[in-house]
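Peer 1: I have a structure here, written as structure tokens, and I will follow up with some questions on it.
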Amino acid sequence: MTTLETLLSDPETVGTWTLVPDRSAITFKIRNMWGLMPVKGSFTEFSGEGRFTSTRAVSGRIDIRADSLDTGIARRDKHLRSADFFDVERFEQITVVVNALHPANGKSADLHTHFTIKGITEPVPLPVTITELDDGSVRISGQTQIDRSRFDLGWNKLGVMSNAVVVSADAVFLHSAAIA
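Anchor point for the sequence shown: position 67 equals 1561 in this note's numbering, and the numbering is continuous, going up by one each time.
As structure tokens, then:
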């Protein structure tokens, strides 16, 4: 098993890594009906890339099509895409920008990210696990909780929805040298 420190110090990891959407998932979960019912959803269209430098600096970006959200209920999805929530007509993209990575123990790390939702950019710490897969790709899995009101997603008729949203990603990246 490769540790994160070993992976980051390997000169072969330097370069651009491209997100592989069909091997990745971006999901969210929120409590509804005064906390009694969890609502789960996913975003089905996204792209991105990450970069490792020879100085061990890490950066990256994931662009998510806001209108690709899917909770499995068409009427709810339509409302979530409206101006009450994501306002996908005006704000087509949700963006996650990675500014730094700080290794922790083993394969754990803390990503310093900025989320941009509805044109509002806020820092969001993102604890992750980074694993090298057998085919040479890298899986970055993480989960964080955000306060949706920070991103002007505050609609809440009768107070039925929690402000806390759990956002998860299981993102697989392939080194650009392997793609060429």
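We treat Cβ as the ideally placed atom computed from N, Cα and C, and that holds for glycine.
Please go through the same chain and pick out, in chain order, the residues whose beta-carbon is closer than 7 Å to the beta-carbon of ALA1603, but skip the five residues on each side of it.
Peer 2: As a working mapping, residue 1603 is identified with position 109 in the sequence shown. Counting only Cβ-Cβ distances below 7 Å, and skipping sequence neighbours, we find LEU1498, LEU1595, HIS1596, PRO1597, VAL1622, ILE1624.
Peer 1: To test your reading of the DSSP string, which unbroken alpha helix (DSSP H) runs of 4 or more residues are found completely within the region 1513-1600?
Peer 2: The qualifying runs are 1568-1575.
Peer 1: Give the DSSP-derived three-state secondary structure of SER1701 in the structure shown.
Peer 2: Given that the chain is displayed from residue 1495 to residue 1674, the structure contains no residue 1701 and the question cannot be resolved.
Peer 1: Assign SER1631 to one of three DSSP states: helix, strand, or coil.
Peer 2: Start at 1 with the first residue of the sequence shown, and residue 1631 comes out as number 137. Three-state DSSP puts SER1631 in coil, outside helix and strand.
Peer 1: Could you pull the DSSP bridge partners for ALA1663 from this structure?
Peer 2: Taking the first residue of the sequence shown as 1, we reach residue 1663 at position 169. The partner list for ALA1663 (beta bridge, DSSP) reads ILE1520, GLY1636.
Peer 1: What is the DSSP secondary structure of SER1602, counted as helix, strand or coil?
Peer 2: Looking up residue 1602 in the sequence shown gives position 108. SER1602: strand per DSSP, three-state reduction.
Peer 1: Using the C-alpha atoms, what's the distance from THR1538 back to ARG1559?
Peer 2: Mapped onto the sequence shown, residue 1559 falls at position 65. Mapped onto the sequence shown, residue 1538 falls at position 44. Using only the alpha carbons, I get a separation of about 8 Å.
Peer 1: So who's on the other strand from GLY1509, going by DSSP bridges?
Peer 2: On the sequence shown, residue 1509 is found 15 positions in, with the first residue counted as 1. GLY1509 pairs with PHE1546.
Peer 1: Which one or two residues does DSSP pair with ALA1671 in a beta bridge?
Peer 2: Translated into the one-based positions of the sequence shown, residue 1671 becomes position 177. Answer by DSSP bridge pairing: none, since ALA1671 is not bridged.
Peer 1: Would DSSP call LEU1647 helix, strand or coil?
Peer 2: In the sequence shown, the residue the question calls residue 1647 occupies position 153. It is coil, neither helix nor strand.
Peer 1: Under the rule that 16 or more other beta-carbon atoms within 10 Å means buried, what is ARG1680, buried or exposed?
Peer 2: Within the shown structure, residues of the chain are numbered from 1495 to 1674, placing residue 1680 beyond reach of any answer.
Peer 1: What is the C-beta distance between SER1536 and ILE1520, in whole angstroms, given that I count them as a contact (C-beta under 8 Å)?
Peer 2: Here residue 1536 refers to the residue found at position 42 when the sequence shown is read from its first residue. Here residue 1520 refers to the residue found at position 26 when the sequence shown is read from its first residue. So it is a contact: roughly 6 Å between Cβ atoms.
Peer 1: Quick check: the region 1575-1592 against the region 1548-1565, are there 3 or more CB pairs under 8 Å?
Peer 2: At 8 Å Cβ cutoff, the stretches touch.
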